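Asker:
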Amino acid sequence: MSSGFKISNFTELRAQILSGTANRVSAALNKQTCSLDDLAALLSLPAEDYLPQMAARSREITAMRFGRTTQIFAPLYLSNFCVNRCAYCGFAADNNIPRKKLSLNQAEQEAEILKQRGFNHVLLVTGEAPARAGVDYLEAVVRRLKNRFAAISIEVQPLEENEYGRLFAAGVTAVAVYQETYDREIYKKIHLAGKKCDYDYRIATPARAAAAGMREIGIGALLGLADWRCEGLAIGMHLSWLRKRFWKTNFTVSFPRLRPAAGSFEPLVNVTEKNLTQLIFALRIFDPDVGLVLSTREEARYRDGMLGLGPTRYSAGSCTAPGGYSSNEHDGEQFSVGDHRTIDEVCATVSEKGFDPVRKDWDREFQK
Ligand code: SF4
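Positions 0 to 367 (numbering that gives the first Met the number 0) are the ones given, in order, by the sequence shown.
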């Protein structure tokens with residue numbers, strides 16, 4: 000199936016962004032439909048002077064397409080075993096952290112806690128260790144949890160199309176797989192061992208998942224590895240390539256910024272809140288229908304301030320260690336979070352600000 004998405008190198012993307020002028024930014028803000036050149040202009044340095052106008056346009060589009068709803072979700076970490084060595088990640092194979100894979104009963108116990116907190120949609124997360132948490136295991140977990148949740152998403156190792164097909168049949172409806180960085184040179188330097196070193200296999204993964212029938216695909220980049228303006232343009236290119244081929248599929252984009260993790264990796268580039276804000280506004284204006292995810296990596300103050308301005312989905316009350324909800328043990332986390340509020344506290348703030356916190360993504364019944 001489609002594996003043909005190719006991205007220009009970052010030198011070319013940078014040149015495209017550098018051609019952004021104040022006039023181009025202003026023109027992009029007045030268009031109903033933006034091109035990739037418009038996106039490049041909105042990501043450019045001159046666009047920083049237009050942040051208030053970008054905020055207003057982004058807010059207007061978000062209200063029009065998503066109303067006053069904000070989806071709230073929490074990840075359920077099933078396993079932190081990983082055979083890869085990604086320099087920036089606490090789960091990397093060479094980090095000496097307590098490793099754990101939940102049994103089916105333990106997974107059910109964690110899921111029950113999320114269910115009691117009001118979630119009807121769960122995101123299952125693992126490190127990448129197919130021998131320990133492969134398709135058979137994932138399929139068994141999904142079948143066990145299926146009747147408890149209206150929708151189940153996964154963020155696990157990249158799979159083959161037929162494997163996604165199996166998980167889709169078992170009850171998975173959405174897949175998140177982030178490229179981490181679209182800069183091939185940087186990608187090579189920070190992915191030190193394991194199958195994840197294969198840039199091309201990873202970049203073709205969202206298309207394999209969509210081809211298998213998944214209802215929603217999440218893409219994104221880990222901010223702090225390469226030029227964020229180029230990452231934004233690359234995400235826009237990937238998104239429009241996927242949309243042309245999989246027009247029935249829903250897409251989301253995540254913008255995780257690097258957080259402290261085991262291994263003490265320092266970000267290679269600094270991405271400020273202002274930069275992140277520009278990136279969010281630019282992508283919202285470029286693609287009005289895309290779901291934009293803002294995770295607990297960001298601090299409460301920032302997340303609250305961004306409500307209604309572009310992001311449509313917030314994680315809340317997240318623990319990034321397997322078994323963390325039942326044990327309250329945070330050893331073996333993937334990264335530390337920036338917003339420590341409980342789910343109820345996040346939902347209360349969302350409501351106070353006039354938005355409706357929705358703890359359910361979708362219902363499998365629609366599929367019938
Ligand atoms: S980012 Fe994913 S693949 Fe890389 S070390 Fe962490 S869990 Fe493993």
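We treat Cβ as the ideally placed atom computed from N, Cα and C, and that holds for glycine.
Because the structure is a prediction, the values reported are computed rather than measured.
State the DSSP-derived secondary structure class of glutamine 15, mapped to helix, strand or coil.
Answerer: Along the sequence shown, read from residue 1 onward, the residue named residue 15 stands at position 16. Helix, per DSSP.
Asker: Rounded to whole angstroms, what is the Cα-Cα separation between glutamate 351 and arginine 147?
Answerer: Residue numbering aside, residue 351 sits at position 352 when the sequence shown is read from its first letter. Residue numbering aside, residue 147 sits at position 148 when the sequence shown is read from its first letter. Roughly 29 Å between the two C-alpha positions.
Asker: How many angstroms separate the CA atom of arginine 340 from the CA atom of serine 317?
Answerer: The residue given as residue 340 occupies position 341 in the sequence shown. The residue given as residue 317 occupies position 318 in the sequence shown. Those two C-alpha atoms are separated by around 9 Å.
Asker: Please confirm whether leucine 308 and alanine 54 have their CB atoms less than 8 Å apart.
Answerer: Taking the first residue of the sequence shown as position 1, residue 308 is located at position 309. Taking the first residue of the sequence shown as position 1, residue 54 is located at position 55. Going by C-beta atoms, leucine 308 is nearer than 8 Å to alanine 54.
Asker: Can you look up threonine 319 in the DSSP assignment and give me helix, strand or coil?
Answerer: Translated into the one-based positions of the sequence shown, residue 319 becomes position 320. Looking at threonine 319 - three-state DSSP - the assignment turns out to be coil, as it is neither helix nor strand.
Asker: On the DSSP bridge list, what partners appear for phenylalanine 72?
Answerer: The count along the sequence shown starts at 1 and reaches residue 72 at position 73. Paired residue(s): Ser314.
Asker: Would you call the segment 31-39 and the segment 277-291 touching, i.e. three or more CB-CB distances under 8 Å?
Answerer: With a cut-off of 8 Å, the segment 277-291 and the segment 31-39 count as touching, because enough Cβ pairs lie within range.
Asker: Contact between the segment 58-65 and the segment 287-297 is defined here as three or more beta-carbon pairs at a separation below 8 Å; is this criterion met?
Answerer: Segments in contact, yes.
Asker: Under three-state DSSP, which class holds histidine 190?
Answerer: For the purposes of this step, residue 190 is taken as the residue at position 191 of the sequence shown. Reduced to three states, the DSSP call for histidine 190 is strand.
Asker: Give me, in chain order, the residues of the same chain whose beta-carbon lies closer than 6 Å to that of alanine 209; leave out the 5 immediate sequence neighbours on both sides.
Answerer: As a first step, residue 209 must be located in the sequence shown, where it is residue number 210. If we look at alanine 209 and ignore the five residues flanking it on each side, its Cβ neighbours are Ile216, Phe245, Thr248.
Asker: Find out if the Cβ-Cβ distance for the pair proline 205, isoleucine 185 is shorter than 8 Å.
Answerer: The residue labelled residue 205 in the question sits at position 206 within the sequence shown. The residue labelled residue 185 in the question sits at position 186 within the sequence shown. Cβ distance not < 8 Å, so proline 205 and isoleucine 185 don't count as in contact.
Asker: Quick one: residues in its chain with C-beta nearer than 7 Å to the C-beta of arginine 58, no 5 flanking neighbours on either side, listed in chain order?
Answerer: Walking along the sequence shown from the start, residue 58 turns up at place 59. These residues qualify, in order along the chain: Gly307, Leu308.
Asker: Note down, in chain order, each residue of its chain lying with its Cβ closer than 6 Å to the Cβ of asparagine 83, except the 5 sequence neighbours on either side.
Answerer: Numbered from its first residue, the sequence shown carries residue 83 at position 84. Closer than 6 Å at the Cβ level, and outside the excluded window around asparagine 83, lie Glu127, Gly193, Lys195.
Asker: Put cysteine 346 into one of helix, strand or coil per three-state DSSP.
Answerer: Against the sequence shown, residue 346 aligns to sequence position 347. Helix.
Asker: In or out: proline 255 buried (at least 16 other Cβ within 10 Å) or exposed?
Answerer: For the purposes of this step, residue 255 is identified with residue 256 of the sequence shown, where counting begins at 1. Per the 10 Å Cβ criterion, buried.
Asker: Expressed to the nearest angstrom, what Euclidean distance is found between the alpha-carbon atoms of isoleucine 151 and leucine 241?
Answerer: Here residue 151 is taken as the residue at index 152 of the sequence shown, counted from 1. Here residue 241 is taken as the residue at index 242 of the sequence shown, counted from 1. Taking the straight line joining both Cα atoms gives about 22 Å.
Asker: Looking at arginine 142: is its Cβ nearer than 8 Å to the Cβ of phenylalanine 80?
Answerer: Indexing the sequence shown from 1 puts residue 142 at position 143. Indexing the sequence shown from 1 puts residue 80 at position 81. Cβ distance not < 8 Å, so arginine 142 and phenylalanine 80 don't count as in contact.
Asker: Quick one: using the 10 Å Cβ neighbour count with 16 as the cut-off for buried, is leucine 38 buried or exposed?
Answerer: Taking the first residue of the sequence shown as 1, we reach residue 38 at position 39. Buried is the call here.
Asker: For the ligand SF4, is there a heavy atom less than 7 Å away from the beta-carbon of phenylalanine 254?
Answerer: Within the sequence shown, residue 254 is the residue found at index 255, counting from 1. Flag unset: Cβ of phenylalanine 254 not near the ligand SF4.
Asker: Of the choices Tyr177, Leu144, Glu154, Val176, whose alpha-carbon is the least far from that of glycine 170?
Answerer: Locating residue 170 in the sequence shown gives position 171, counting from the first residue. Answer by Cα proximity: Leu144.
Asker: For phenylalanine 245, which three-state DSSP category applies?
Answerer: Taking the first residue of the sequence shown as 1, we reach residue 245 at position 246. Three-state DSSP puts phenylalanine 245 in coil, outside helix and strand.
Asker: Buried or exposed, going by whether 16 or more other CB atoms sit within 10 Å of the CB of glutamate 447?
Answerer: The chain is shown only over 0 to 367; residue 447 falls outside these bounds and no answer can be derived.
Asker: Quick check on alanine 14: buried or exposed, where buried means 16 or more other Cβ atoms within 10 Å of its Cβ?
Answerer: Residue numbering aside, residue 14 sits at position 15 when the sequence shown is read from its first letter. Alanine 14 should be labelled exposed.
Asker: Ignoring anything shorter than 3 residues, give me the beta strand (DSSP E) runs that lie fully in the segment 202-257, in order along the chain.
Answerer: Fully enclosed beta strand (DSSP E) runs of 3 or longer: 215-219, 249-253.
Asker: Which same chain residues end up closer than 6 Å to tyrosine 198 when comparing Cβ atoms and leaving out the 5 residues on each side of it in sequence?
Answerer: Counted from its first residue, the sequence shown places residue 198 at position 199. The residues are Arg183, Tyr186.
Asker: Using only the alpha-carbon positions, how far apart do alanine 220 and serine 102 sit?
Answerer: The residue you call residue 220 lines up with position 221 of the sequence shown. The residue you call residue 102 lines up with position 103 of the sequence shown. The straight-line gap from Cα to Cα measures roughly 31 Å.
Asker: Could you give the distance in angstroms between the alpha-carbon of glycine 133 and the alpha-carbon of alanine 139?
Answerer: As a working note, residue 133 is residue 134 in the sequence shown. As a working note, residue 139 is residue 140 in the sequence shown. Near 10 Å, if we compare the C-alpha coordinates of alanine 139 and glycine 133.
Asker: Isoleucine 153 bridges to which residues according to DSSP?
Answerer: What you label residue 153 is simply residue 154 of the sequence shown in a count that begins at 1. DSSP output for isoleucine 153 lists Leu123, Val174 as bridge partner(s).
Asker: Just how far apart, CA to CA, sit alanine 40 and aspartate 48?
Answerer: Here residue 40 is taken as the residue at index 41 of the sequence shown, counted from 1. Here residue 48 is taken as the residue at index 49 of the sequence shown, counted from 1. Rounded to whole angstroms, alanine 40 to aspartate 48 spans 12 Å at the Cα level.
Asker: What are the boundary residues of the alpha helix (DSSP H) that includes leucine 113?
Answerer: Along the sequence shown, one-based indexing puts residue 113 at 114. Counting along the chain, the alpha helix (DSSP H) containing leucine 113 begins and ends at 103-115.
Asker: For arginine 340, which residues does DSSP report across the bridge?
Answerer: Taking the sequence shown and counting its residues from 1, the one referred to as residue 340 is at position 341. DSSP, once it has assigned bridges, lists no residue as partnering arginine 340.
Asker: In angstroms, rounded to a whole number, what distance separates the CA positions of leucine 137 and lysine 99?
Answerer: Here residue 137 is taken as the residue at index 138 of the sequence shown, counted from 1. Here residue 99 is taken as the residue at index 100 of the sequence shown, counted from 1. The straight-line gap from Cα to Cα measures roughly 15 Å.
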